[in-house]
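Asker: Protein sequence lines correspond, in order, to chains A and B.
Residues 1 to 219 in my numbering are what the first sequence spells out, letter by letter.
Residues 1 to 219 in my numbering are what the second sequence spells out, letter by letter.
For each residue, glycine too, the CB sits at the ideal point set by N, CA and C.
Remember, it's a predicted structure, so these values are computed and weren't measured experimentally.
Number of protein chains: 2
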Amino acid sequence: MSKISSKRAAEPGARERNKLDKRDRIAAAAWELFARDGFEATTTAAVAERAGVGKGTLFLYAPDKDDLLMLVMHDRLAERTDRAFATLSARAALPEQLSHVFGSLYELYAEQPRGIGVAFVRLVSTARGPNADRVHAMTQATLSRIASLVRTAQERGDVADDVLPMVAAANLFAAYFFVLFGWLSGLSPTIEILRSHLDAMIALQVRGLAKPHGKPSKG
Amino acid sequence: MSKISSKRAAEPGARERNKLDKRDRIAAAAWELFARDGFEATTTAAVAERAGVGKGTLFLYAPDKDDLLMLVMHDRLAERTDRAFATLSARAALPEQLSHVFGSLYELYAEQPRGIGVAFVRLVSTARGPNADRVHAMTQATLSRIASLVRTAQERGDVADDVLPMVAAANLFAAYFFVLFGWLSGLSPTIEILRSHLDAMIALQVRGLAKPHGKPSKG
DNA sequence: ACACAAAACTGACCATAGTCAGTTTTGGAG
DNA sequence: CTCCAAAACTGACTATGGTCAGTTTTGTGT
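Okay, here's the thing in structure tokens:
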């Protein structure tokens, strides 16, 4: 290693430290204002001021306001997802496991004030930028984790062997997302109704639409 | 009917006529520019100029730019949906019927240049305004039509009697939407791959995840 | 034909997301 | 310590979505 100036920088990279500090301050300021005033009503100037940086600096850490929301939401979503999978009962049946995971995420959205969820979901599919990419990667990871749950259920004998776990995961996640959309669009007032809708959809996916062969379903 | 001024207005409501004309000119201008330059790159000033109206007038017909996109897309989406259901083979099995309907909609998005679909799907769940409401109502109507297909399949004996058609429709539409999202996010290059993904998901929904009772699935 | 109220229209104006030329800070070399 | 280049930072500036007070057009009663 080379010389280190005696002036400052006890740790390697005072520059790096500074950047991280600033990033955190920006994320914190953005979160507070988004939560208090809503996403649309919060101006980038206000976030910059609260974070104690210039307006231009803001756009060095997130290329646009949308990506700023992704920056803020990523951590919370990641934390909640990890927690949901960590508290999963390994013995529970697949539908209960899914209800637990998806229900945890619904709760996260329900906790947010003032339609932050609306803004986030509106952007999550199409936003560009480094933070949007991180969120996108996380979604893919969640899909894989759900596929793993399906695979485990297969090994237990609860799910047919020739089901492709990733296809099943896509169907299950699609249902979660669809119900979330409906809620954010203003339908389904309470989170309980939300969960019951999702549970019904998952139950149907498990059971299948087709009428069982050689066996009348009635009488 | 009352007196009619001899000056103009041969038909009842010159005012009404004029408004409709203007609405059509605005919709046409918006469509042309969105298609040529993309949604984001098109300015409301340019749309107003091309439509031959003042900038302020634009916002009498759509409360904001987002709703302008809804105005433009509603008609195309409605036309395509009606056509898809009209050309449906009543004899075909449910999965083929669904593939036909959803495939037709995928083609509509695939025809649009420059990510108009991206902008539309981004907004469709959360946009406000009269045109957004019309689109939203149309989505609900489509859900009902899919539920009808399920009900018909039930009557034919292809679908179990105790399946709730609206729950099934929600699952099926969710799969359609999820695949569309993935495509707009940049995955799945061709529309053929898109359709094959959806077909696989639908097939799994029909068959169900559960292992059939009393019958080992493997030799 | 005229007067008048209601509806429709308009573009100058405002607020804010995002840019960029110029400034400050950083960290190492001599 | 001094000097320098690169990185980081900044706020005046630009472009554009949306507003609104003032103007024009329309329909109707006399």
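Could you check how far apart the C-beta atoms of A:Tyr106 and A:Leu180 are, in whole angstroms? I think they sit under 8 Å.
Answerer: Rounded, the Cβ-Cβ distance is 7 Å, consistent with contact.
Asker: Report the start-end ranges of each beta strand (DSSP E) in the stretch 68 to 100 of chain A that is 3 residues or longer and not cut off at the edges.
Answerer: Counting only runs of 3 or more, we get nothing.
Asker: Can you pull the chain B residues whose beta carbon is under 8 Å from the beta carbon of A:Gly157, in chain order?
Answerer: The contacting residues are Lys211.
Asker: What would DSSP say about B:Ala246, mapped onto helix, strand or coil?
Answerer: Any question about residue 246 of chain B goes unanswered here, given that chain B covers just 1 to 219.
Asker: In angstroms with no decimal places, state the Cα-to-Cα distance between A:Arg122 and B:Leu123.
Answerer: Their Cα atoms are separated by approximately 6 Å.
Asker: State yes or no: is the beta carbon of A:Arg122 nearer than 8 Å to at least one beta carbon in chain B?
Answerer: Chain B, which has a Cβ nearer than 8 Å to the Cβ of A:Arg122, makes this yes.
Asker: Name the residue from B:Met201, B:Ser104 and B:Glu96 whose alpha carbon lies nearest to the alpha carbon of B:Arg76.
Answerer: Looking at the Cα atoms, B:Ser104 is the closest of the given residues.
Asker: What residues of chain B sit near A:Gln205, judged by a beta carbon separation below 9 Å?
Answerer: The answer, in chain order, is Asn171, Leu204, Gln205, Gly208 and Leu209.
Asker: Is the beta carbon of A:Ala48 closer than 8 Å to that of A:Gly54?
Answerer: Yes. Within cutoff.
Asker: For A:Ala93, decide whether its Cβ has a neighbour in chain B, counting only Cβ atoms nearer than 8 Å.
Answerer: It does not; no Cβ of chain B falls within 8 Å.
Asker: Going straight from the alpha carbon of A:Ile202 to that of A:Ala175, what length do you get?
Answerer: Their backbone Cα atoms lie some 8 Å apart in a straight line.
Asker: What are the partner residues of A:Val121, as DSSP defines its beta bridges?
Answerer: DSSP, once it has assigned bridges, lists no residue as partnering A:Val121.
Asker: Whose C-alpha, out of A:Thr81, A:Gln97 and A:Thr152, is nearest the C-alpha of A:Val135?
Answerer: Comparing Cα positions, the closest option is A:Thr81.
Asker: According to DSSP, which residues form a beta bridge with B:Val135?
Answerer: According to DSSP, which records beta bridges pairwise, B:Val135 is partnered with nothing at all.
Asker: When you compare only the Cα positions, how much space is there between B:Asp162 and B:Phe173?
Answerer: Rounded to whole angstroms, B:Asp162 to B:Phe173 spans 20 Å at the Cα level.
Asker: Is the CB-CB distance between B:Leu149 and B:Leu94 below 8 Å?
Answerer: Their beta carbons are under 8 Å apart, which means B:Leu149 touches B:Leu94 by this criterion.
Asker: Among A:Ala141, A:Ala153, A:Val167 and A:Pro130, which has the Cα closest to the Cα of A:Asp67?
Answerer: For A:Asp67, the nearest C-alpha among the options comes from A:Pro130.
Asker: Please look up how many angstroms separate the CB atoms of B:Ala110 and B:Ile193, rounded, as I've assumed it's under 8 Å.
Answerer: That pair is no contact at about 12 Å.
Asker: Are the CB atoms of B:Thr126 and A:Val72 within a distance shorter than 8 Å?
Answerer: No, the Cβ-Cβ distance between A:Val72 and B:Thr126 is not below 8 Å.
Asker: In whole angstroms, what separates the C-alpha of B:Met138 from that of B:Ser144?
Answerer: B:Met138 and B:Ser144: Cα-Cα distance of roughly 10 Å.
Asker: Applying the 10 Å Cβ sphere with the 16-neighbour rule, what's the burial state of B:Thr42?
Answerer: With 16 or more other Cβ atoms within 10 Å, it is buried.
Asker: Taking a contact to mean a Cβ-Cβ separation below 8 Å, would you say B:Ala210 touches A:Val206 in this structure?
Answerer: Yes. Within cutoff.
Asker: Which same chain residues end up closer than 7 Å to A:Thr152 when comparing Cβ atoms and leaving out the 5 residues on each side of it in sequence?
Answerer: Result list for A:Thr152: empty, nothing under 7 Å.
Asker: Once the 5 residues before and after A:Ala229 are set aside, which same chain residues still bring their CB inside 7 Å of it?
Answerer: Residue numbering for chain A in the displayed model covers 1 to 219; residue 229 of chain A lies beyond these limits and cannot be assessed.
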